[in-house]
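In my numbering, the protein residues as written are 5 to 128.
Here a beta-carbon is modelled for each residue, glycine too, at the ideal position from N, C-alpha and C.
A short worksheet on the structure shown next.
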């Protein structure tokens, strides 16, 4: 763990089942429930607020391999599942890209980018 990294960037411990026969199964998240559920997409399936998200992403590692599985489920009933197997370098690359995108969203909100695009169009 990098002690100089902010808490939200420092690696968290894997969530490991208590049953010894599943000790190599490792999921990642704030707690075991969160790790199993994964990260929900921001887009609801329907306009009403009680609609489930359109998808979820989760990370799982079978400790018998030096790979982790990025799983993306699409649809409230998992109508489509995409699974990528990634080495540590691929996971770090994806994490960097996700952090880059998060930083861009926070630094350049959509309203600001729309204004910049409008101003650029007016300048032509």
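- Rounded to whole angstroms, the Cβ separation of residue 66 and residue 29 is 7 Å, and the two are in contact under 8 Å.
- Cβ neighbours of residue 27 within its own chain (closer than 6 Å, five residues either side excluded): none.
- In the assembly as shown, residue 31 is a buried residue. Its beta-carbon has 16 or more other beta-carbons within 10 Å.
- Uninterrupted beta strand (DSSP E) stretches at least 3 residues long and entirely within the region 68-123 occur at 72-78 and 84-90, given in chain order.
- In terms of Cβ geometry, residue 98 and residue 72 do not form a close pair [threshold 7 Å].
- Here residue 44 is bridged, per DSSP, to 60.
- In the three-state reduction of the DSSP assignment, residue 126 falls in the helix class, which pools H, G and I.
- Rounded to whole angstroms, the gap between the alpha carbons of residue 40 and residue 62 is 7 Å.
- Cβ-Cβ separation between residue 90 and residue 74: approximately 6 Å, consistent with a contact (criterion under 8 Å).
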